[in-house]
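Residue numbers (our numbering): 19 to 137.
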């Protein structure tokens, strides 16, 4: 996923085994991290446990880190609107995947940072 983008991947995943929803969320977060850093930066992926919850996290840091409005809408589960549907599809799929597994997504977008957690 990162062979054709400017961003670097920091794979800080220490889990040897993941259930299918967590593994799929992890790969989709990696893809979102690659697209969130168009001019480069570092996409860090981690998996932690918070009580009974598995938390799969992306922190994409770099100059001009961002998610397009279509992707932000997809993460919230909003229907596709105007714009680039490719940006919406990936994020919406992640939302649907996490929701179907009984989880939720949390995101924070700031200056030079995109953070997304699938719980």
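Glycine is no exception: its CB is placed at the ideal position from the N, C-alpha and C atoms. Only a predicted model underlies this, so the values are computations on that prediction, with no experimental measurement involved.
In the DSSP assignment, residue 114 is bridged to no other residue. Three or more beta-carbon pairs separated by less than 8 Å link the stretch 32-48 to the stretch 60-74, which places the two stretches in contact. By the neighbour-count definition (other C-beta atoms within 10 Å, threshold 16), residue 128 is an exposed residue.
Scanning 94, 19, 37 for the CA closest to the CA of residue 65 turns up 37. When beta bridges are read from the DSSP output, residue 135 appears opposite 75, 124.
Residue range 60-68 is occupied by the beta strand (DSSP E) that includes residue 64.
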